[in-house]
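Position 9 of the sequence shown, counted from 1, bears residue number 217 in my numbering, the numbering being contiguous throughout. Think of the CB as a built atom: it goes at the ideal place given N, C-alpha and C, for glycine as much as any other residue. What you are looking at is a predicted structure, and each value in this text was computed from that prediction instead of being measured. A quick write-up on the structure given underneath.
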Amino acid sequence: MDWKAHLTYGSIVGIIFFLCTWKFIGWFDLSLVTIITSILIIAIYSLLADCDHPISTITYTFFGFSIIVLLFGVFLKNDFYIYFGLAFLIFTFICAKFFKHRGPIHSLLAGAIFCLPLYFIGNEFALLAFISFWSHLWLDKIPFKFV
């Protein structure tokens, strides 16, 4: 499966989850910050499982995104962006260098671990990230691999 299919399917699943939980449970508000944060989470997490592929478009995109966020944080003197950009850069490098494609990164356990930091922003964002990550596994036909 290519990155366009993962992003398209992940976006559809993520948006349906967002709208259903907003309408029936009241989890999300429709503020601009929440919508932009949700879009970024859906996009990143629906592609995240393929950062273990050393020459993929996703890996190079994540490298570029990390560097931009890091420089943005340095320019604004914002520690959150600096740490996030640096952590995402290191994470992408480690995944691309040391893990084989469709190895341990392509598992529900990895998805849960990757979503854990979002729990501190809000559990609804962590669940949105997990649903988006799981959509990637589903398209790769390995939806229930635990390790």
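- Burial check for Ile224: the Cβ neighbour count within 10 Å stays below 16, so the residue is exposed.
- Under the three-state reduction of DSSP output, Ile224 falls in the helix class.
- A distance below 7 angstroms between beta-carbons, with the five flanking residues on each side excluded, links Pro351 to the following residues of its chain, in chain order: Trp342 and Leu345.
- In this structure, the straight-line span from the alpha carbon of Phe322 to that of Lys231 is close to 27 angstroms.
- The beta carbons of Leu255 and His309 sit about 14 angstroms from each other, so the pair does not count as a contact at 8 angstroms.
- Taking every protein chain shown into account, the CB of Ile220 has fewer than 16 other CB atoms within 10 angstroms, so this residue is exposed.
- Taking 9 angstroms as the cut-off, the beta carbon of Leu297 is found closer than this to the beta carbon of Ile275.
- Look at Asp237 here: in three-state DSSP terms it is coil, with no helix or strand label.
- In the displayed model, Ser264 falls within coil according to three-state DSSP, outside both helix and strand.
- The residue among Phe236, Asp348, Thr265 and Leu278 with its C-alpha nearest the C-alpha of Gly330 is Phe236.
- Rounded to the nearest whole angstrom, the CA to CA distance from Ser246 to Phe338 is 12 angstroms.
- Of all alpha-carbon atoms in His314, Asp210, Tyr268 and Thr300, the one lying nearest the alpha-carbon of Lys353 is that of His314.
- The continuous stretches of alpha helix (DSSP H) do not include His314, and DSSP gives it neither H nor E.
- Rounded to whole angstroms, the Cβ separation of Ser340 and Ile250 is 5 angstroms, and the two are in contact under 8 angstroms.
- Residue environment for Ile302: exposed (fewer than 16 other C-beta atoms within 10 angstroms of its C-beta).
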